[in-house]
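Read the structure below first, then the notes.
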DNA sequence: TCCGATCATGTAATCGGTTGCATCGACGAT
DNA sequence: ATCGTCGATGCAACCGATTACATGATCGGA
């Protein structure tokens with residue numbers, strides 16, 4: 001009678017060889033003779049043997065897992081990056097472990113950065129403490145932790161913001177507002193700086209009255225819209241660049257509800273190009289980030305690092321201004 | 333000079349006890365004396381010892397991981413369920429492994445259902461073969477595999493569809509269309525059946541001309557809209573119930589682009605209540621699914637199963653019809 | 001004073017593969 | 001005929017923690 005699950009020694013006994021030979025036949029077939037290989041294969045079939053990963057990993061001193069630290073799993077923006085990551089890791093034989101940095105305590109998170117839990121880390125959250133992340137190979141994707149030396153895969157957020165502003169300025173807008181991301185976020189800072197610099201470069205004033213707080217979420221876009229609606233008509237911006245598409249949706253939804261027409265009365269540019277915004281009314285003009293590719297490249301660079309190819313350079317992916325229906329020249 | 337990472341024997345030597353005592357002090361402190369515990373704690377501090385999970389798991393014959401099989405990680409619908417799952421698993425000390433059933437071969441997927449890779453499985457994809465999934469504890473969430481005996485956490489899709497139809501019928505609509513999900517999907521079938529039955533119950537005819545193919549995706553909503561636009565004005569439905577919010581967005585975007593006004597010319601009801609649809613113009617009337625809760629409960633039931641509490645009943649969560657701006661009485 | 005119960009701790013087997021080293025036979029070269 | 005080489009395989013020591021069992025100390029009770 002067979003015990004629980006068959007072990008390698010069960011296969012060895014049935015094939016009439018040692019466990020060492022079975023192991024070699026399975027993981028490096030070139031090392032064993034043709035006949036032995038056949039005998040082992042048949043014994044594996046007969047017993048229904050499946051390898052025990054825990055045992056193999058213990059011996060190999062690796063886990064076969066990669067952790068992705070995500071600030072908000074429910075966020076469609078990050079899930080598309082995750083999708084890119086998964087599409088690279090799965091074929092490479094790695095497990096993708098996902099941890100939400102929002103719903104876990106700091107100690108829990110750091111426990112993911114242990115070599116016995118995962119072989120590497122992909123960090124999508126720039127607000128984590130750099131200290132805890134140095135114990136294993138790390139790649140930063142999209143966001144990044146200031147002070148942490150590790151390869152980054154990202155876009156040029158400053159330049160991207162400038163593209164948005166330039167587009168609006170080209171249309172003739174002179175007062176271009178900005179709804180920023182959450183305070184302290186590296187993306188927030190880069191995009192806001194890009195907005196400021198581009199305004200100045202075009203001879204426009206990035207007045208504080210044109211800057212609205214936000215946090216990338218839908219509701220904060222709505223709140224920004226209320227602030228905009230409360231401003232006197234002749235001093236409020238005729239165009240707004242928002243640091244995320246979600247905020248842009250919240251913003252447009254709110255102003256439209258108050259009778260404002262987009263783009264006739266107000267032009268709006270978003271950021272990210274999440275799938276949905278091509279289909280809302282009006283379709284959103286936005287900056288497209290190659291999210292899937294971003295995830296894929298981050299994963300590839302981490303794998304390269306695990307194979308010993310160390311390369312601390314940053315990868316900067318190109319963005320694209322997608323012109324749709326939410327922008328037009330100002331009235332008058 | 334310390335070797336690589338400190339092992340339990342390093343701690344033992346420093347504390348002047350055996351490895352067994354260290355193990356006990358760490359995992360079951362009640363078993364050791366006060367002084368020993370203090371000595372061990374101090375030695376742990378001094379060495380910076382962290383447990384090796386692979387070794388512990390090998391001995392315990394468990395992995396500490398739960399796999400979620402997701403059809404399309406990038407889909408915001410699923411990522412919210414994942415978020416619920418993660419919020420339960422992390423505090424319980426389990427790793428969440430995510431695998432995208434779309435981007436992996438069948439053999440790869442089945443390899444996730446091995447006891448040495450994970451302790452349990454949460455299946456969000458109803459199109460998987462039941463055969464491979466029986467090797468470990470499974471819970472089905474949202475979608476389910478027909479023929480697979482395992483607890484299901486889901487909503488009453490028939491009833492939910494009926495709620496949508498009844499709402500439209502109450503408004504006075506007599507021709508109510510339906511854009512279905514992908515063929516063969518269990519949700520597609522249940523929702524379509526609910527639409528049919530409710531129509532009949534209200535004395536309406538679920539004419540085949542009122543039924544449009546779809547696949548839950550944005551584009552298929554757009555395609556359905558083109559079909560609708562091509563129909564003669566006096567025979568096309570005055571209201572459409574779509575099996576997903578994404579399709580509803582694609583549908584509305586397309587008809588609005590052709591000068592149709594929602595809800596004046598056409599009423600639209602979606603399904604899911606993904607976050608964004610509250611903010612588009614017009615805000616979408618839809619069926620809300622408690623996605624986060626769905627994930628949480630699925631995870632809790634799996635954990636219960638892992639602790640030996642077997643319970644094969646289904647959990648049916650309540651849905652809610654959310655009234656917004658995309659529905660109104662028909663003209664005339 | 002002696003015995004059994006109780007508590008703290010150590011010894012060593014165990015979880016299940018992997019792999020360095022040794023062994024052995026066959027074969028080509030000298 | 002002899003030696004060196006090479007290919008195939010087995011032996012046994014790992015990887016690092018857990019835990020059944022054994023041991024020894026302590027203590028209360030007879």
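Protein chains in written order, with my numbering: chain A, 1 to 332; chain B, 333 to 664.
Positions of the beta carbon are idealized from the N, C-alpha and C atoms, including for glycine.
In this text the structure is predicted, and so the values were computed from the model without any measurement.
Closer than 8 Å by C-beta to residue i: which residues in its own chain qualify, once you throw out the five before and the five after it? Chain order, please.
i, result
"residue 128(A)", "69, 101, 109 and 145"
"residue 512(B)", "520, 523, 524, 543, 544, 545, 546 and 575"
"residue 174(A)", "204, 238 and 330"
"residue 1(A)", "Any reading at residue 1(A) is ruled out, since the residue's pLDDT is 38, under 50, leaving its predicted position unreliable."
"residue 648(B)", "486, 487 and 488"
"residue 147(A)", "130"
Are residue i and residue j closer than 8 Å when you measure CB to CB?
i, j, result
"residue 569(B)", "residue 542(B)", "yes"
"residue 214(A)", "residue 163(A)", "no"
"residue 158(A)", "residue 194(A)", "yes"
"residue 425(B)", "residue 396(B)", "yes"
"residue 67(A)", "residue 89(A)", "no"
"residue 76(A)", "residue 274(A)", "yes"
"residue 509(B)", "residue 572(B)", "yes"
"residue 335(A)", "residue 448(B)", "Any answer about residue 335(A) is impossible in this case: the structure gives chain A only from 1 up to 332."
"residue 341(A)", "residue 320(A)", "Beyond the ends of chain A as shown, which are 1 and 332, falls residue 341(A); an answer cannot be given."
"residue 347(B)", "residue 386(B)", "no"
"residue 405(B)", "residue 83(A)", "yes"
"residue 218(A)", "residue 608(B)", "yes"
"residue 124(A)", "residue 78(A)", "yes"
"residue 304(A)", "residue 314(A)", "no"
"residue 71(A)", "residue 302(A)", "no"
"residue 445(B)", "residue 467(B)", "yes"
"residue 223(A)", "residue 169(A)", "no"
By Cβ distance below 6 Å, which residues in the same chain neighbour residue i in space, the five residues on each side in sequence not counted?
i, result
"residue 285(A)", "269, 323, 324, 326 and 327"
"residue 381(B)", "338 and 343"
"residue 22(A)", "8, 11, 12 and 40"
"residue 291(A)", "80 and 81"
Who are the neighbours of residue i on chain A, taking C-beta pairs under 9 Å?
i, result
"residue 447(B)", "5, 50 and 52"
"residue 550(B)", "275, 276, 278 and 279"
"residue 435(B)", "83, 86, 87, 90 and 91"
Buried or exposed for residue i, please, with buried defined as at least 16 other CB atoms from any protein chain shown within 10 angstroms of its CB.
i, result
"residue 28(A)", "exposed"
"residue 626(B)", "buried"
"residue 3(A)", "Residue placement at residue 3(A) is poorly supported in this model, since its pLDDT is 49, which falls under 50; the coordinates are not used for a value here."
"residue 567(B)", "exposed"
"residue 367(B)", "exposed"
"residue 582(B)", "buried"
"residue 370(B)", "exposed"
"residue 487(B)", "buried"
"residue 482(B)", "buried"
"residue 475(B)", "buried"
"residue 596(B)", "exposed"
"residue 45(A)", "exposed"
Cβ closer than 8 Å: which chain A residues qualify as neighbours of residue i?
i, result
"residue 432(B)", "83, 86, 87 and 90"
Starting from residue i, find everything on chain B with Cβ-Cβ shorter than 9 Å and list it in chain order.
i, result
"residue 243(A)", "Near residue 243(A) there are no residues of chain B at all, since even the closest Cβ is about 16 Å away, more than 9 Å."
Please go through the same chain and pick out, in chain order, the residues whose beta-carbon is closer than 7 Å to the beta-carbon of residue i, but skip the five residues on each side of it.
i, result
"residue 298(A)", "85, 122, 139, 141 and 153"
"residue 590(B)", "561"
"residue 206(A)", "195, 196, 199 and 200"
"residue 172(A)", "329 and 330"
"residue 31(A)", "24"
"residue 588(B)", "594"
"residue 394(B)", "451"
"residue 221(A)", "179, 214, 242, 246, 247, 248, 249, 250 and 251"
Give the interface partners of residue i over in chain A, defined as CB-CB distance under 7 Å, in chain order.
i, result
"residue 412(B)", "74"
"residue 390(B)", "54, 55 and 58"
"residue 581(B)", "276, 279 and 280"
Which residues of chain B have a Cβ atom closer than 7 Å to the Cβ of residue i, listed in chain order?
i, result
"residue 95(A)", "429"
"residue 256(A)", "613"
"residue 108(A)", "422"
Mind listing the chain B neighbours of residue i? Cutoff is C-beta to C-beta under 8 Å, in chain order.
i, result
"residue 188(A)", "The contacting residues do not exist; residue 188(A) stays about 21 Å from chain B at best."
"residue 63(A)", "385 and 386"
Could you give the uninterrupted runs of the alpha helix (DSSP H) lying entirely in the stretch 546–625 of chain B, keeping only those of 4 residues or more?
Those alpha helix (DSSP H) runs which fall completely within the stretch 546–625 of chain B and span 4+ residues are 550–562 and 577–589.
Uninterrupted beta strand (DSSP E) stretches inside the stretch 338–418 of chain B (no shorter than 3 residues)
DSSP runs (the beta strand (DSSP E)) wholly in the stretch 338–418 of chain B: 397–402.
Quick check on the DSSP output: what are the complete alpha helix (DSSP H) runs of length 4 or more inside the stretch 101–129 of chain A, in order along the chain?
The qualifying runs are 106–112.
As an exercise, report each continuous alpha helix (DSSP H) stretch of at least 4 residues that is fully enclosed by the stretch 454–509 of chain B, in chain order.
Inside the stretch 454–509 of chain B, DSSP marks whole alpha helix (DSSP H) runs of 4 or more residues at positions 489–502, from first to last along the chain.
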